[in-house]
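Engineer:
Protein chains: 2
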Amino acid sequence: MTPNKEDFIKAIFELGGQTQVVTNKDLVRTLSISAASVTEMNTRLLKEGLITHLPYQGVILTEKGLTIANQLIRKHRIWEVFLAEKLGYDWNEVHSDADLLEHASSDLLIERLNIFLGEPTFDPHGGVIPNKDGSIPEIHSTPLIECTKGVQFKIKEVDDQEEFLEYLLYKKVHLGKEYTLVDIEPYDGPLTLKSTSGEETIIGHKAAFKILVELID
Amino acid sequence: MTPNKEDFIKAIFELGGQTQVVTNKDLVRTLSISAASVTEMNTRLLKEGLITHLPYQGVILTEKGLTIANQLIRKHRIWEVFLAEKLGYDWNEVHSDADLLEHASSDLLIERLNIFLGEPTFDPHGGVIPNKDGSIPEIHSTPLIECTKGVQFKIKEVDDQEEFLEYLLYKKVHLGKEYTLVDIEPYDGPLTLKSTSGEETIIGHKAAFKILVELID
DNA sequence: AACTTTTTTTAGGATAGACTAAAAATTAAT
DNA sequence: ATTAATTTTTAGTCTATCCTAAAAAAAGTT
Ligand SMILES: [Mn+2]
Ligand SMILES: [Mn+2]
Ligand SMILES: [Mn+2]
Ligand SMILES: [Mn+2]
Numbered sequence: 004m005t006p007n008k009e010d011f012i013k014a015i016f017e018l019g020g021q022t023q024v025v026t027n028k029d030l031v032r033t034l035s036i037s038a039a040s041v042t043e044m045n046t047r048l049l050k051e052g053l054i055t056h057l058p059y060q061g062v063i064l065t066e067k068g069l070t071i072a073n074q075l076i077r078k079h080r081i082w083e084v085f086l087a088e089k090l091g092y093d094w095n096e097v098h099s100d101a102d103l104l105e106h107a108s109s110d111l112l113i114e115r116l117n118i119f120l121g122e123p124t125f126d127p128h129g130g131v132i133p134n135k136d137g138s139i140p141e142i143h144s145t146p147l148i149e150c151t152k153g154v155q156f157k158i159k160e161v162d163d164q165e166e167f168l169e170y171l172l173y174k175k176v177h178l179g180k181e182y183t184l185v186d187i188e189p190y191d192g193p194l195t196l197k198s199t200s201g202e203e204t205i206i207g208h209k210a211a212f213k214i215l216v217e218l219i220d
Numbered sequence: 004m005t006p007n008k009e010d011f012i013k014a015i016f017e018l019g020g021q022t023q024v025v026t027n028k029d030l031v032r033t034l035s036i037s038a039a040s041v042t043e044m045n046t047r048l049l050k051e052g053l054i055t056h057l058p059y060q061g062v063i064l065t066e067k068g069l070t071i072a073n074q075l076i077r078k079h080r081i082w083e084v085f086l087a088e089k090l091g092y093d094w095n096e097v098h099s100d101a102d103l104l105e106h107a108s109s110d111l112l113i114e115r116l117n118i119f120l121g122e123p124t125f126d127p128h129g130g131v132i133p134n135k136d137g138s139i140p141e142i143h144s145t146p147l148i149e150c151t152k153g154v155q156f157k158i159k160e161v162d163d164q165e166e167f168l169e170y171l172l173y174k175k176v177h178l179g180k181e182y183t184l185v186d187i188e189p190y191d192g193p194l195t196l197k198s199t200s201g202e203e204t205i206i207g208h209k210a211a212f213k214i215l216v217e218l219i220d
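For the record, the sequence lines run as chains A and B. All letters in the first sequence, in the order written, are residues 4 to 220 by this note's numbering. All letters in the second sequence, in the order written, are residues 4 to 220 by this note's numbering.
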């Protein structure tokens with residue numbers, strides 16, 4: 004296993020490759036490599052039994068590939084917790100360093116780091132940290148976009164694109180914060196949130212897809 | 004710069020390449036690669052102006068190469084401090100993980116980690132941590148082998164080969180510990196040390212080359 | 001159904017790194 | 001001074017990863 008293969012498998016997973024066929028096009032866009040390189044990498048991973056390949060359609064992860072993806076994500080997210088909690092990174096800064104460190108971490112290192120961090124369950128974006136064996140703890144949260152006017156909720160997880168995190172930082176939206184959804188405009192209009200302390204925040208319709216919340220009874 | 008090049012330059016430095024010519028043979032032994040691969044890497048580094056090459060003799064680091072070596076050693080040693088102090092590694096365990104992490108560390112990460120660790124001066128083996136700009140703080144210690152019978156000293160630095168560190172762990176020799184050199188046998192014989200608490204430790208002649216001490220007046 | 005656009009694959013190359021085997025140069029030993 | 005042993009270099013391959021350009025297949029449009 005090499006860093007490139009690991010990142011490739013992780014990309015397939017993040018594009019839904021556990022359940023759906025992921026197209027070469029998507030991987031070209033995500034990894035910023037040529038279409039030819041994607042075809043090549045597919046061939047390699049197929050030979051190693053990490054993916055199933057449907058010619059001219061795309062790829063799906065095998066059980067083996069899925070385990071590798073989740074173990075890499077475990078490393079990535081544990082490093083993110085370290086960077087955020089111990090080194091004072093903001094949540095929009097952690098991604099690129101964790102993306103390198105994840106490939107330079109022995110299993111022993113990760114386990115010791117995990118203990119040092121107090122065996123966290125979530126990364127700084129609310130992403131759940133997979134178990135050592137590659138399995139994933141069950142989580143129970145709803146996309147904000149599916150909420151109806153009037154409900155109360157708590158922020159549980161957000162998309163980890165750097166620009167989106169900067170946007171949330173600007174909007175003062177962070178994990179654990181509680182709001183009431185006071186308004187949601189039709190025709191893909193904006194959402195108005197009101198925090199427990201009374202400030203109102205307006206966020207765009209598309210942002211509401213990238214925020215997962217837990218409803219408060 | 005790639006991990007391989009970095010490690011190669013570091014190896015040249017550790018073999019004395021700042022001042023002496025380092026032979027291909029030495030690099031073959033240190034890096035466990037073929038002689039042909041050493042010649043090849045020499046050609047590459049020469050082209051980049053990181054080394055001076057004397058055909059059929061060996062290589063010396065240029066200023067540029069030296070800076071890269073010291074900056075890599077800085078990263079390596081800062082990681083070693085982290086592994087030992089925060090994750091509970093013994094001093095014989097830190098090397099291999101630090102050897103990977105050093106290549107996956109942005110400058111920003113290292114500076115933040117350095118601050119988190121309290122800007123340490125030495126690594127767990129007493130090796131001095133180079134400055135950010137690649138310069139090296141002056142240090143003042145003597146090889147134990149050069150000490151004479153009767154002197155008192157404090158352990159300042161030890162060779163960082165894994166087996167040697169295990170040996171020292173077994174002999175209960177650690178950084179900062181103070182001893183009196185009660186006996187040193189002629190004909191490359193053993194040395195007898197007596198700690199302040201009274202225990203006597205006998206160590207081999209060759210081990211005394213790998214231990215640096217500071218004399219206590 | 002035929003034409004156009006998009007996507008995937010193939011073909012042909014490039015670079016970094018590492019290997020073995022053979023040739024050339026240097027050093028050591030008669 | 002030869003010969004022998006060691007070390008370095010060259011030549012020829014290999015794998016992983018990336019690329020561009022062209023061909024083939026699939027999807028979209030009239
Ligand atoms: Mn990565
Ligand atoms: Mn994350
Ligand atoms: Mn290294
Ligand atoms: Mn060290």
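Built from N, CA and C at the ideal position, the CB exists for glycine as well.
1. Starting from the Cα of residue 27 of chain B, find the closest Cα among B/38, B/18, B/152 and B/21 and give me that residue.
2. Does the beta carbon of residue 98 of chain B come closer than 9 Å to any beta carbon on chain A?
3. Got a sec: is the Cβ-Cβ distance from residue 91 of chain B to anything in chain A below 9 Å?
4. Using a C-beta to C-beta distance shorter than 9 Å, which residues of chain B count as neighbours of residue 119 of chain A?
5. Quick one: what's residue 109 of chain A bridged to in DSSP?
6. Measure the alpha-carbon distance for residue 211 of chain A versus residue 147 of chain A and round it to whole angstroms.
7. Kindly list, in the order they appear in chain A, the residues whose Cβ is closer than 8 Å to that of residue 103 of chain B.
8. Which residues, taken in chain order from the region 115-142 of chain A, show a beta carbon closer than 9 Å to some beta carbon of chain B?
9. When every heavy atom of ligand 4 is checked, does at least one fall within less than 8 Å of the C-beta of residue 97 of chain B?
10. Please enumerate, following chain order, all residues with a beta carbon closer than 6 Å to at least one heavy atom belonging to ligand 2.
11. Which residues mark the beginning and the end of the alpha helix (DSSP H) in which residue 88 of chain A is found?
12. When DSSP labels each residue in this structure, what does residue 147 of chain B get in the three-state scheme?
13. For the region 164-189 of chain A, which residues have a beta carbon sitting closer than 8 Å to at least one beta carbon of chain B?
14. Tell me, which residues are paired with residue 215 of chain B by DSSP?
15. DSSP state of residue 46 of chain B, grouped into three classes?
16. On the criterion of 16 or more Cβ atoms from any shown chain inside 10 Å, does residue 68 of chain A qualify as buried, or is it exposed?
17. Quick check: the region 134-146 of chain A against the region 29-44 of chain A, are at least 3 beta-carbon pairs closer than 8 Å?
18. Could you tell me which chain B residues have their CB closer than 9 Å to the CB of residue 75 of chain A, listed as they occur along the chain?
19. To the nearest angstrom, how far is it from the Cα of residue 169 of chain B to the Cα of residue 5 of chain B?
20. Is the CB-CB distance between residue 197 of chain B and residue 173 of chain B below 9 Å?
21. Please classify residue 74 of chain B as buried or exposed, where buried requires at least 16 neighbouring CB atoms within 10 angstroms.
22. Would you kindly check if the distance between the Cβ of residue 164 of chain A and the Cβ of residue 245 of chain A is under 9 Å?
23. Less than 8 Å between the CB of residue 106 of chain B and some heavy atom of ligand 3, yes or no?
24. On a Cα-Cα basis, can you pick out the residue from A/115, A/80 and A/95 that is closest to residue 92 of chain B?
25. How would you list, in chain order, the residues of chain B whose beta-carbon sits under 9 Å from the beta-carbon of residue 215 of chain A?
26. How many Å lie between residue 151 of chain B and residue 137 of chain A at the Cα?
27. Would a check of beta-carbon distances place residue 228 of chain A closer than 9 Å to chain B?
28. Measuring alpha carbon to alpha carbon, tell me which of A/209, A/162, A/24 and A/98 ends up nearest residue 188 of chain A.
29. Any idea what DSSP makes of residue 29 of chain A, helix, strand or coil?
30. Would you check if the distance between the CB atom of residue 47 of chain A and the CB atom of residue 13 of chain A is smaller than 9 Å?
31. I need the straight-line Cα distance from residue 30 of chain A to residue 15 of chain A, nearest angstrom please.
Structural biologist: Working from what's here:
1. Residue B/38 is the option with its Cα nearest to residue 27 of chain B.
2. Not one chain A Cβ lies under 9 Å of residue 98 of chain B.
3. By this cut-off, residue 91 of chain B is an interface position.
4. Residues of chain B passing the Cβ test: 89, 90 and 91.
5. Per DSSP, none; premise fails for residue 109 of chain A.
6. If I take the Cα positions, the gap works out to 5 Å.
7. Around residue 103 of chain B, the beta-carbon contacts reaching into chain A at under 8 Å are 107, 108 and 109.
8. For the region 115-142 of chain A, which is checked against every Cβ of chain B, the residues closer than 9 Å are 115, 116, 118 and 119.
9. Yes, the Cβ of residue 97 of chain B comes within 8 Å of a heavy atom of ligand 4.
10. Applying a distance threshold of 6 Å between residue Cβ atoms and the heavy atoms of ligand 2 selects A/80, A/83, A/126, A/128, A/130 and A/163, given in chain order.
11. Segment 66-88, the alpha helix (DSSP H) holding residue 88 of chain A.
12. Helix at residue 147 of chain B.
13. Using a CB distance below 8 Å, no part of the region 164-189 of chain A faces chain B.
14. Its beta-bridge partners are B/146 and B/160.
15. Helix, per DSSP.
16. Only buried fits residue 68 of chain A, as 16 or more other CB atoms lie within 10 angstroms of its CB.
17. They do not touch, by the three-pair rule.
18. Contacts between residue 75 of chain A and chain B, judged by CB atoms closer than 9 Å, are missing: the closest CB pair is about 14 Å apart.
19. Those two C-alpha atoms are separated by around 31 Å.
20. Cβ atoms of residue 197 of chain B and residue 173 of chain B: not closer than 9 Å.
21. Buried, since its Cβ has 16 or more Cβ neighbours within 10 Å.
22. No statement about residue 245 of chain A is possible, as the shown extent of chain A runs from 4 to 220 and does not include it.
23. Yes, the beta carbon of residue 106 of chain B sits closer than 8 Å to at least one heavy atom of ligand 3.
24. Checking every option, the nearest Cα to that of residue 92 of chain B belongs to A/115.
25. Ordered by position in chain B, no residue passes the 9 Å Cβ test against residue 215 of chain A, which lies about 28 Å from the chain.
26. A straight line joining the alpha-carbon of residue 151 of chain B with that of residue 137 of chain A spans about 58 Å.
27. There is no way to answer for residue 228 of chain A, as the model of chain A reaches only from 4 to 220.
28. For the set A/209, A/162, A/24 and A/98, the Cα lying nearest the Cα of residue 188 of chain A is the one of A/209.
29. Under the three-state reduction of DSSP output, residue 29 of chain A falls in the helix class.
30. Going by C-beta atoms, residue 47 of chain A is not nearer than 9 Å to residue 13 of chain A.
31. Spanning the two alpha carbons is a distance of roughly 7 Å.
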